[in-house]
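First up is the structure itself, then whatever we jot down about it.
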Amino acid sequence: MDTLYIIICAVLSLLVMLGISFMSKVPRASFGNLLSAFAILFGVVFTLLTTKNSDGTPIITAWTLYPSIIIGALIGGLFAQRVRMIQMPQLVALLNGLGGAASALVGILSVAGIGNISSEQQGAFELLTGYLAIGVGMITLVGSLVAAGKLHRLLSQRPQVWAYHSMVTMLSLAVLAIFILVGTFSGAKDTPLFWLVIGTTLFSSIFGLYFSVRVGGADMPITISLLNSLSGVAGAIAGMAINNVLLVAVGGIVGASGLLLTQIMCRAMNRSLLSILLGGKSSAPLKKPTSAPKTGIPSTTNTVAEKKEVSAGAVLAHAKEVIIVPGYGMALAQAQHEVKQLADKLRSEGARVRFAIHPVAGRMPGHMNVLLAEANVPYEDLYEMEAINDDFAKCDAVVVIGANDVLNPAARDAEGTPIYEMPVLNVDKAPFVVICNYDLKPGYAGVDNPLYFRKEGVALMTGDAKESLAQLTTLLQQAKRKEAPKTKQETGVSDANRLANAKRVIIVPGYGMALAQAQHEVKQLADKLRSNGAEVRFAIHPVAGRMPGHMNVLLAEANVPYEDLYEMEAINDDFAKCDAVVVIGANDVLNPAAREAEGTPIYGMPVLNVDKAPFVVICNYDLKPGYAGVDNSLYTRSEGIWLLTGDAKESLAHLLNAVQGEWAIPHMQEEAATTEITPGGYLRSAKRVIVVPGYGMALAQAQHEVKQLADKLRSHGADVRFAIHPVAGRMPGHMNVLLAEANVPYEDLYEMEAINDDFATCDAVVVIGANDVLNPAAREAEGTPIYGMPVLNVDQAPYIVICNYDLKPGYAGVENPLYTRSEGVALMTGDAKESVAKLSQQIDEWKEHTPSTAKATSSPNSFEMWMKEAKNVIIVPGYGMALAQAQHEVKQLADKLRNRGADVRFAIHPVAGRMPGHMNVLLAEANVPYEDLYEMEAINGDFAKADLAIVVGANDVLNPAARDAEGTPIYGMPVLNVDQTEHIVICNYDLNPGYAGVENPLYTRSEGVVLLTGDAKDSLAKLNAALI
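Structure, rendered in structure tokens:
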């Protein structure tokens, strides 16, 4: 064999090994991947150039190669573009399988003598390696396909054990060995080659199927690693069969590295490879561990009592040492970015944050590392189990994101279980643990986790990991906000109120605004501040953004007037005189370190004097240094700073809430502070409300939200009517059509002439996207397009809520005096849907502060107390649950109630839904146990004894009118006795009659009922949040 050929093969093999070595460290992994890929590509080209056909011509001249290469490249490129990070484990499994299939195909061609350069009859070695390539390749292919199917949830992730499973597994392996031996030593030409190949293929496939199908989700990382090793072994054997040195070398490297990783992971799980392949512990029927029984369940009440005293937010707010434990649940929810934001928030509060990575967390080796690297978590913050396990006992708090088996303490003493003696993270030794898992079921190993029943020092947050992390961040912010009066006792002014009251504000936009495309939200904030009486200007640094004038272009796109933009030289001295500065995604251009940090890239660079302002609000994605890599001292300023990390759009939404009164300005008095009423709070007490829809409602398609708002107001006793101006919208009857689409009754729509005199006598008006048709200037602004035009007398109302996109003049170009009215007007700018949603939320959250109303059992927040104290709960699902596809949220709510010690059952009416058993099917899909579902006859007598009934999208099937409303379609129909329950929470889309058209008396019951209208998922989210 040519010496040069051997040298090139050796060099390429070393490059592959070097690439694999680089992959062991995240900072170099990308380069290692490219290096190995380059070596493989060069190896393919080298093979095409050096390998010859039997006639002596290079195989590169065969045109049939090129369509295959093009098709393969297109498929690979498509995978690279389309496959999401969460699907990477199944893609790896699939690619392993394709490697095995290629090796098997090479083996088949080899034993058949197709493509052999030599005309000599094959020897025993060639035949042995050929049949081995078929066997190992098919085991890899079938096993990888099963693994990919399990990971992609096309197959059950539980271990599958069939009849005579172990016997068939061993028998198939023995028969496979016989076929390989027969094929090896049968050199005669009359050998039944076809049947030997078929037999080898068939029995190797059977073994691959039987060994892989019995592997459960907990063992999947080891299985993927093993299959990766087998794909390399198959390639090396195929290389021997065709006498290809490079294929032997590279296949051997892949096989060896995969096998080493498999051994490492087996040690990490304290499992033998044989027990995984042949069933061992994980293939046996799973039993509850004797050492971790649910003995903690009876004392759940005590657990809840303990958790009331210390909230997760309060603990994290004071924690100095925090460890985050990510798991497969984080991968499923794609919550790595939210985890990064939480870590940044904790760091901004002075905590040291590290990540504990278990070697088998996830579904492939390094799964957590890859996901966290995608979210820009620094590699040095990731700690392997051995390096961090002793630190759990010394930290202040641990946050678990979707991990179970890898931290289950039962692994230490629950003999006979799949995880017994598996090394686990010592999370249970931490003084306080926050667990953000989807539910409280056992993990893939089927072993109950004692942490779920620990009496103290545990906060359980079940449900989607993204939502749990958002709630956790909110709790952290609330805990910090509660402490704010202590640190600002001298002035008594909160951050939110300080911004709302500012009279001179400078906004500093940066590249982060461009990345988030948040220029329109910045414009809305500026408009809102101006409506509060502030002077607002924009400070533009010459190198802000990625091109000259970048900020100017974006702000011009959002219709920010050019005269409001100030260059650095013109505005820099004014920072010291302003009341507040709002920074949107800017760092280096305002970093004070530029003045004194010698030797840094920004030293001597002119910067904006933001640090000289008395109060600065910074809305940056995180608190890392900017592109120059220099820490910003503003982030650690002791006072006069408000940090809002995360997406700029979301941070700006918080600021808009602040200046719109969602965080009310406290009026400090001698005895106690009273809370300023919100627009929603005012509307909740109104008895006569007029809604004025306009073209802005049409643009936002907010008619359904307007209908929900009207229903909510009616549920609180208000008379609600709609005032329709004849030219509102873009065609005659435009508003009527939209409101009819949202099922607003026609009799609730009033023409201008019929309702105009009533504005003066109503309690409140809600304007949705209307301007010119209610502009009082039409009566006196001579010379303007609207002068003399009849308008709605909205200005005569005592209180007006205006939900318009911005505060600009309407199409007529005439300023609206309502926008600057000194009192009796609440301005809510932005998208109409969001503004109406805020109003609805404020109505739900508002609490009257008089003693009489505080005692009302049906106040909007009564359900929080009811749910926390209830011991006997019945849930009634209906067709509304089906429409909203809210069965999973219902299951989460039931789990949370059970965690608090409640007995939870489901009452199923025989005609609930749109087909027999509709509710049963949906709840079974959400894994609600069948034994928790009770037919009407079995549970109807228990409603009177229950503490709480929760209705999710049901109406006619529980309408008490069925008992006495003669002549109606439901008269005499058996219904669920929900009305006999002391406390009822109804989560229905609206308060209209059901399909039978009969009013439901429960909607107007004077006490013991809380109504949550709107989408069932949203309502259930409120209920779930109340139990945190």
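Take the sequence shown: its letters are residues 1 to 1028, numbered as in full-length UniProt numbering. Don't be surprised by glycine CBs; every beta carbon is placed ideally from N, CA and C.
- Ranking VAL233, LYS52, THR169, VAL215 by CA distance to the CA of GLY107 puts VAL233 first.
- A distance below 8 Å between beta-carbons, with the five flanking residues on each side excluded, links THR200 to the following residues of its chain, in chain order: TYR131, ILE134, GLY135, MET138, LEU176, PHE179, ILE180, GLY183.
- ALA414 is the residue among ASP464, PRO423, ALA414, SER24 whose C-alpha sits nearest the C-alpha of PRO450.
- Between VAL876 and ILE768, the C-beta gap is not smaller than 8 Å, which leaves the two residues out of contact.
- Counting the other CB atoms within 10 Å of its CB gives ALA502 a total of 16 or more, which places it among the buried residues.
- Here GLY416 is exposed: its Cβ has fewer than 16 other Cβ atoms, across all protein chains shown, within 10 Å.
- Taking the Cβ atoms as the reference, LEU372 lies roughly 37 Å from LYS528, outside the contact range of under 8 Å.
- The way I'd put it, the segment 900 to 909 doesn't touch the segment 463 to 472; fewer than three beta-carbon pairs between them come closer than 8 Å.
- Shortest Cα-Cα distance from MET513 to any of VAL794, TYR995, GLU650, LYS340 involves GLU650.
- In this structure, LEU525 is the residue among SER531, LEU525, PRO561, ASN532 with its C-alpha nearest to the C-alpha of VAL583.
- Taking a cut-off of 8 Å on C-beta distances, the segment 735 to 745 does not touch the segment 873 to 888, as fewer than three cross pairs fall below it.
- Restricted to the segment 304 to 356, the alpha helix (DSSP H) segments that are unbroken, complete and at least 4 residues in length are 312 to 318, 328 to 333, 336 to 348, listed in chain order.
- A direct Cα-Cα distance of roughly 14 Å separates ALA580 from PRO509.
- Pairwise C-beta distances place the segment 142 to 159 in contact with the segment 81 to 91, as three or more of them are shorter than 8 Å.
- Check the Cα spacing between ALA797 and each of ALA760, GLY729, VAL814: the tightest is with ALA760.
- Within its own chain, the residues whose Cβ lies closer than 6 Å to the Cβ of VAL434, once the five positions on either side in sequence are excluded, are ALA312, VAL399, ALA459, listed in chain order.
- The beta carbon of PHE203 is closer than 7 Å to those of SER172, VAL175, LEU176, PHE179 in its chain, skipping five residues each way along the sequence.
- The Cβ atoms of GLY100 and SER231 sit closer than 8 Å to each other.
- Residue environment: GLY599 is assigned as exposed (fewer than 16 neighbouring CB atoms within 10 Å of its CB, all protein chains considered).
- Beta-carbon to beta-carbon, LYS808 and GLU889 are separated by about 40 Å, too far to satisfy the 8 Å threshold.
- With respect to the 8 Å criterion, LEU476 and LYS345 are classified as neighbours on the basis of their beta carbons.
- Counting only runs that start and end inside the segment 473 to 553, the beta strand (DSSP E) elements of at least 3 residues fall at 504 to 509, 535 to 540.
- For TYR805, DSSP records no beta bridge to any residue.
- Shortest Cα-Cα distance from GLY533 to any of ARG363, LEU425, VAL659 involves VAL659.
- Judged by DSSP in its simplified three-state form, PHE207 adopts helix.
- When DSSP states are grouped into helix, strand and coil, TRP866 belongs to the helix group.
- The beta carbon of HIS654 lies closer than 8 Å to those of LEU644 in the same chain, with the five residues before and after it left out.
- For the 8 Å CB-CB criterion, GLN842 and THR678 form a contact.
- Per DSSP, reduced to three states, the secondary structure at CYS9 is helical.
- Taking the Cβ atoms as the reference, VAL814 lies roughly 20 Å from ASN756, outside the contact range of under 8 Å.
- Exposure of MET731 is indicated by the presence of fewer than 16 other C-beta atoms within 10 angstroms of its C-beta.
- By the neighbour-count definition (other C-beta atoms within 10 Å, threshold 16), TRP63 is an exposed residue.
- Look at ARG28 here: in three-state DSSP terms it is helix.
- One Cα belongs to LEU227, the other to VAL952, and the distance between them is close to 47 Å.
- Residue burial is scored here from C-beta neighbours: GLN81 has fewer than 16 other C-beta atoms within 10 angstroms and is therefore classed as exposed.
- Taking 8 Å as the cut-off, the Cβ atoms of LYS891 and ALA924 do not count as close.
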